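Chemist: Residue numbers (the working numbering): 66 to 310.
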């Protein structure tokens, strides 16, 4: 019977791992491409070619499209269908005749366009009879309605306030489009409650001279104030007592 001594476990011998070679797992580096040399600068206008034909063509197309859009937008803004057009806002007589110059211009506009019914609303005193006489003359003229229709789009009036007081005023009004040449009239107006009405209407011959405003001094501060013709004079300061009292 043979005795064997302790045996060491036999380990399977393995071959040594191969050493990794540097750069074996890395991809090969790409060679950098050489940049092309820049083209030489242009020396003539033909070589510059700026702007090019393509740029000019694109700008032309943009300009034509912009012009077409403007034409369509302009036409759309100015187009008013007959059934959808809005009538102008009706202004009350109080707003039209609140100022003497505006009242005279409104009367002249209605008179020149032969709207005597509206002119009668702004007439007072002897002017009422003149409006009635103009109505009778218009009724007797077969072409009065045609003249009134034609003048509504041609008559223009301008006004200038010459004098104004608490209850009376004088205004110069010039009308164009009612005849071959402009005509100027002098209007005298009077206040009636909150509006002004025409009392007389005469052709301006250039002889009327408005009164100059008065220069009024104040005794308490030595200042001066321009008072328009017809305005009430300011209350004078209290006079000093006589000496010795």
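All C-beta atoms in this analysis are idealised placements derived from N, C-alpha and C, irrespective of residue type, glycine included. All values derive from a computational prediction rather than experimental measurement.
1) Are the CB atoms of residue 250 and residue 223 nearer to each other than 8 Å?
2) When DSSP labels each residue in this structure, what does residue 229 get in the three-state scheme?
3) Distance, Cα to Cα, residue 105 vs residue 117?
4) What separation, rounded to the nearest whole angstrom, lies between the Cα atoms of residue 240 and residue 170?
5) Among 205, 97, 265 and 277, whose alpha-carbon lies nearest the alpha-carbon of residue 188?
6) Compute the beta-carbon to beta-carbon distance between residue 213 and residue 179, rounded to the nearest angstrom, for a pair I have assumed lies under 8 Å.
7) Quick check on this structure: which residue in 245, 219 and 237 has the alpha carbon closest to the alpha carbon of residue 165?
8) Opposite residue 56 in the DSSP bridges: which residues?
9) Return the bridge partner residues of residue 265 from the DSSP annotation.
10) Output the distance between the C-alpha atoms of residue 95 and residue 108, rounded to the nearest integer angstrom.
11) Beta carbon of residue 196, beta carbon of residue 185: below 8 Å?
12) How is residue 199 classed by DSSP in three states: helix, strand or coil?
13) Please state the DSSP three-state secondary structure of residue 188.
14) Rounded C-beta distance between residue 167 and residue 158? I'm assuming under 8 Å.
15) By Cβ distance, which residues of its chain are closer than 6 Å to residue 219, with the 5 residues on each side in sequence left out?
16) Report the start-end ranges of each alpha helix (DSSP H) in the stretch 120-179 that is 4 residues or longer and not cut off at the edges.
17) Provide the residue(s) that pair with residue 113 in DSSP beta bridges, ordered along the chain.
18) Determine the contact status of residue 200 and residue 172, defining contact as a CB-CB distance below 8 Å.
19) When you compare only the Cα positions, how much space is there between residue 123 and residue 97?
20) Tell me whether residue 260 is buried or exposed, calling it buried when 16 or more other Cβ atoms sit within 10 Å of its Cβ.
Modeler: According to the data block:
1) Counted from its first residue, the chain shown places residue 250 at position 185. Counted from its first residue, the chain shown places residue 223 at position 158. No, the Cβ-Cβ distance between residue 250 and residue 223 is not below 8 Å.
2) Position 164 of the chain shown, counted from the first residue, corresponds to residue 229. Three-state DSSP puts residue 229 in a strand.
3) Counting from 1 along the chain shown, the entry for residue 105 is found at position 40. Counting from 1 along the chain shown, the entry for residue 117 is found at position 52. Answer to the nearest angstrom: the Cα atoms are 19 Å apart.
4) Position 175 of the chain shown, counted from the first residue, corresponds to residue 240. Position 105 of the chain shown, counted from the first residue, corresponds to residue 170. Each residue's alpha carbon lies about 9 Å from the other.
5) Here residue 188 refers to the residue found at position 123 of the chain shown. Residue 265 is the option with its Cα nearest to residue 188.
6) Locating residue 213 in the chain shown gives position 148, counting from the first residue. Locating residue 179 in the chain shown gives position 114, counting from the first residue. Between residue 179 and residue 213 the Cβ distance is about 4 Å, and since that is below 8 Å, they are a contact.
7) What you label residue 165 is simply residue 100 of the chain shown in a count that begins at 1. Taking only the C-alpha atoms, the option nearest residue 165 is 237.
8) A question about residue 56 goes unanswered here, because the residues of the chain that appear run from 66 up to 310.
9) Here residue 265 refers to the residue found at position 200 when the chain shown is read from its first residue. In the DSSP output, where bridge partners are listed per residue, residue 265 has 253.
10) Locating residue 95 in the chain shown gives position 30, where the first residue counts as 1. Locating residue 108 in the chain shown gives position 43, where the first residue counts as 1. Answer to the nearest angstrom: the Cα atoms are 38 Å apart.
11) As a first step, residue 196 is located in the chain shown; it is residue number 131 there, counting from the start. As a first step, residue 185 is located in the chain shown; it is residue number 120 there, counting from the start. Contact flag set, yes.
12) By one-based count along the chain shown, residue 199 stands at place 134. Helix, per DSSP.
13) Here residue 188 corresponds to residue number 123 of the chain shown, with the count starting at 1. Of the three classes helix, strand and coil, the one that applies to residue 188 here is strand, per DSSP.
14) The residue you call residue 167 lines up with position 102 of the chain shown. The residue you call residue 158 lines up with position 93 of the chain shown. Between residue 158 and residue 167 the Cβ distance is about 11 Å, and since that is not below 8 Å, they are no contact.
15) Position 154 of the chain shown, counted from the first residue, corresponds to residue 219. Within the same chain, residue 219 has close Cβ partners 242.
16) 158-161 and 165-177
17) Counting from one through the chain shown, the residue named residue 113 turns up at place 48. The partner list for residue 113 (beta bridge, DSSP) is empty, contrary to what the question assumes.
18) As a first step, residue 200 is located in the chain shown; it is residue number 135 there, counting from the start. As a first step, residue 172 is located in the chain shown; it is residue number 107 there, counting from the start. It is not a contact, given that the beta carbons lie outside the stated cut-off.
19) Your numbering for residue 123 matches position 58 in the chain shown. Your numbering for residue 97 matches position 32 in the chain shown. Near 39 Å, if we compare the C-alpha coordinates of residue 97 and residue 123.
20) As a working mapping, residue 260 is identified with position 195 in the chain shown. So residue 260 counts as buried.
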